[in-house]
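One structure is given here, and the rest of the page talks about it.
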Amino acid sequence: MTRGPVTAGPVTVDGAPPRRFDLPDRVSVLAPFVDAGMFDSYEVQLASTVRRLQPDVTDEVILALAIAARAPRFGHVRVGLDPDRLQAAVSDDHGLPMPALPWPTVSEWATALEGSPVVATPADAGGEPVRPLVWDGGQLYLQRYWHYEVAVAGDLARRAVGPAAGPAEDPDERRAAIETTLDVLFGEGSGARPDLQRMAARRGMRPGVSIIAGGPGTGKTHTVARLLVAAHLVAEAGGHDLQVALAAPTGKAAARMGEAVQAEVRALGDAGVVTSALADAVTASDPTTVHTLLGWKDRTRFRHDGHHPLPHDLVVIDETSMVSLPLMAKLLDAVRPEARLVLVGDPFQLASIEAGTVMSDIVGPAGAVADVGGPAHTDTLATTLAAAPVLDGRVTVLRHMHRFDEDSTIAALAESVRTGDAERAISLLDGGSADVQWIDPDDRDAMGGLRTEVVVAGVEMVSAALSGDAVAALAAANRVKVLAATRRGPGGVNDWTERVESAVAAAVPAFGPSRRWHVGRPVMVTANDGVNRVFNGDVGVVVAGDPGMEVAFGDEGGIRVLAPSRLDRVETWWAMTIHKSQGSEFDHAIVSLPDAGSPILTRELLYTGVTRARRRLTVVGSEASLRAAIARPVSRASGLRDRLWAS
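Shown next as structure tokens:
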């Protein structure tokens with residue numbers, strides 16, 4: 123039935139203003155979905171353009187196109203067209219009731235897609251003309267996401283086999299040299315279970331790709347530092363120069379990687395294991411963001427690609443869980459086929475805010491199997507169940523948390539959340555341990571005491587900033603931090619920010635937060651800025667300088683300052699989202715959760731928040747919220763795991 127232009131105005135979501143835009147008559151089939159808030163202007167414009175170019179496309183295909191365009195916003199690479207699951211998968215209703223919508227049946231959709239001129243199959247998806255959709259095994263993709271997924275799986279498969287041409291030296295001699303070097307760096311070892319850090323380093327010395335996975339404190343950086351030393355030693359013994367690239371998805375994660383590697387190498391030098399010259403060679407590789415490494419031109423284009431590859435012999439990527447599927451495809455395209463690639467990260471924490479679950483998909487069953495057999499056996503099981511043809515023997519999962527004491531409640535809680543054991547998690551939270559506190563948000567006295575602690579740290583930070591002491595200001599800003607699941611609503615970032623900032627202002631009369639730039643303002647960079655060498659996630663404090671205000675950032679153990687006028691993409695940092703906290707650690711992390719009905723509550727979200735704590739953890743949330751989070755693992759639709767691990 124033909125409809126005129128429709129003004130769409132869905133319900134207000136989480137305090138955001140309603141959307142208003144005209145719905146073209148040619149895509150009036152989308153009207154009930156737009157009215158319900160299911161689609162926004164992007165999906166409507168795309169569908170309208172396709173129908174204008176292909177007037178005979180059926181309503182079912184137009185609706186499928188809008189769904190496929192919507193899915194990446196929720197992290198999905200693909201979607202299955204089951205009406206019973208679709209609405210939950212691509213709805214941002216935030217728990218609000220949704221009306222019944224006129225979805226086609228699966229069979230109606232499949233019939234329409236299989237005969238449509240705008241839908242490709244895997245057999246012809248690479249041909250001309252380019253079609254916006256790919257229908258692959260009952261799963262629907264936007265064409266470019268299908269290509270990204272296939273490209274990543276194919277590239278990793280080729281790297282897992284290794285380059286056709288090996289190094290010039292004798293392979294047996296090279297293996298012997300590697301083992302001798304690893305003996306020096308890890309010790310010969312004779313424990314009951316294998317030295318998984320050594321195993322990971324050995325695999326990283328092999329041609330092709332290797333993956334080092336594990337939670338915080340399991341020794342990933344310890345392993346990477348020794349891998350880098352071993353690679354330099356073996357290359358030197360073979361008469362080769364070694365070019366190494368170290369990178370991470372964010373500037374903060376890259377800086378932390380550099381600091382951690384330098385600390386490990388310095389410790390090896392102090393122990394007499396490496397010479398100062400070798401230490402200098404290893405630490406000469408300055409970590410950067412993945413975008414900077416690739417030579418970022420704009421949102422989708424980079425200077426380095428398959429035609430202009432990176433020159434490095436060894437590329438190490440940290441915090442790989444934050445790498446999206448499109449970025450991983452660009453990275454793999456740019457790394458030379460004969461170079462060694464080492465992907466490092468925690469497959470159990472939150473994935474990239476963009477589409478895909480790359481690290482989790484790559485680790486696959488090697489991560490899941492570690493939940494059986496008891497603590498004495500999980501490490502071995504986690505690394506021996508790699509029976510798939512693609513990544514067999516390429517994945518090492520580190521389990522033992524060296525950062526925490528054996529009796530650490532933080533470590534035990536993180537493991538309980540990761541494995542979905544809600545009963546043990548609640549018991550640990552309620553156990554009265556020194557390092558973990560649990561507060562119900564309705565407990566006014568406990569909440570008051572917690573806010574006082576945050577305010578005291580804020581007053582200390584502002585006082586140091588007013589006196590021009592950037593080191594003390596940054597230390598106070600990083601000592602205790604609120605990590606909220608949401609921005610809006612009770613217990614969200616905005617709620618904490620308003621309460622803490624007003625309390626600090628009342629305590630320090632010279633603190634003037636009414637102005638945008640003011641001494642004592644903690645800030646977080648929200649976009650990469652290569653000119654000023656600050657990146658998304660970097661944090662600093664506005665301090666009194668000479669002659670005026672300056673923004674102080676930590677920089678390789680020192681302080682770097684910038685004029686506020688040079689920073690246009692920052693936000694106030696009294697609190698931060700758990701998503702933004704990835705790659706960070708705080709002496710005291712306060713994890714603030716919303717009500718149990720919030721769809722943002724997931725196991726990975728809670729795990730990520732818990733594992734940001736270095737010494738103390740406070741969880742603010744009801745028992746219902748905790749149970750809801752632990753019971754709900756992130757559900758992102760992706761086919762990469764199947765392509766890599768299906769036998």
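With the numbering used here as the guide, the letters of the sequence shown map in order to residues 123 to 769.
Virtual Cβ for every residue (Gly too), placed ideally from N, Cα, C.
Residue pairing from DSSP places GLU672 in a beta bridge opposite VAL665. Assignment of beta strand (DSSP E) within the region 711-744, counting only whole runs of 3 or more residues, yields 735-742 in chain order.
Taking C-beta atoms as the reference points, ALA382 and THR343 count as a pair closer than 9 Å. Fewer than three pairs of CB atoms, one per stretch, sit closer than 8 Å, so the region 749-757 makes no contact with the region 578-595. Burial state of VAL272 is buried, judged by a 10 Å Cβ sphere holding 16 or more other Cβ atoms. With a beta-carbon spacing of about 12 Å, ALA759 and GLY259 fall beyond the 8 Å limit used to define contacts.
The DSSP-derived three-state label of TRP225 is coil. The C-alpha of ALA599 lies about 25 Å from the C-alpha of GLU386. In this chain, the alpha helix (DSSP H) harbouring GLU271 covers 265-283. Note that the C-beta distance between ALA536 and PRO338 is below 9 Å.
Linking HIS354 to LEU364 through their CA atoms gives a straight-line distance of about 6 Å. Positions of the beta strand (DSSP E) runs, each at least 3 residues long and wholly inside the region 573-626, are given as 602-606 in order along the chain.
In this chain, PRO459 is not harboured by any beta strand (DSSP E), its DSSP state being neither H nor E.
For THR694, the enclosing beta strand (DSSP E) starts and ends at 692-694. By the CB criterion at 9 Å, GLY642 and VAL615 fall outside the cutoff.
Contact between the region 626-634 and the region 650-670 is not established, with fewer than three Cβ pairs separated by less than 8 Å. Beyond the five residues adjoining it in sequence on each side, GLU707 comes within less than 7 Å, by CB distance, of ARG734 and ARG736 in the same chain, given in chain order. About 6 Å separates the beta carbons of GLY613 and PRO563, which is inside the 8 Å limit, making them a contact pair. Rounded to whole angstroms, the separation of the alpha carbons of LEU472 and LEU168 is 29 Å.
In this structure, DSSP gives TRP639 a state outside helix and strand, which the three-state scheme calls coil. Shown here, PRO469 sits in coil according to DSSP, grouped into three states, outside any helix or strand. Cα atoms of SER474 and GLU545: separation of roughly 29 Å, rounded to the nearest angstrom. One thing to note: LEU520 has its Cβ within 9 Å of the Cβ of ILE334. A residue is called buried when at least 16 other Cβ atoms come within 10 angstroms of its Cβ; VAL653 does not meet this threshold and is exposed. Secondary structure of VAL241 (DSSP, three-state): strand.
Rounded to whole angstroms, THR171 and ARG281 show a C-alpha spacing of 39 Å.
The residue among ALA279, ALA367 and LEU447 with its C-alpha nearest the C-alpha of VAL517 is ALA279. In the DSSP assignment, MET379 falls within the unbroken alpha helix (DSSP H) covering 373-392.
Short of 8 Å from the beta carbon of SER238, and not among the five residues preceding or following it, lie these beta carbons of its own chain, in chain order: VAL179, THR180, VAL183 and LEU255. A distance below 7 Å between beta-carbons, with the five flanking residues on each side excluded, links HIS413 to the following residues of its chain, in chain order: ASN650.
Bridge partners of PRO644 according to DSSP: VAL663. If you draw a straight line from the Cα of SER446 to the Cα of TRP257, it comes to about 22 Å. Taking GLY670 as reference, the option from ALA587, ASP690 and LEU727 with the minimal CA-CA separation is ALA587. Under DSSP, ILE334 shares a beta bridge with VAL466 and THR518.
Looking at the backbone, the Cα of THR345 and that of ALA186 are separated by about 46 Å. For ALA674 against ALA592, the beta-carbon gap comes to about 4 Å, under 8 Å, which counts as contact.
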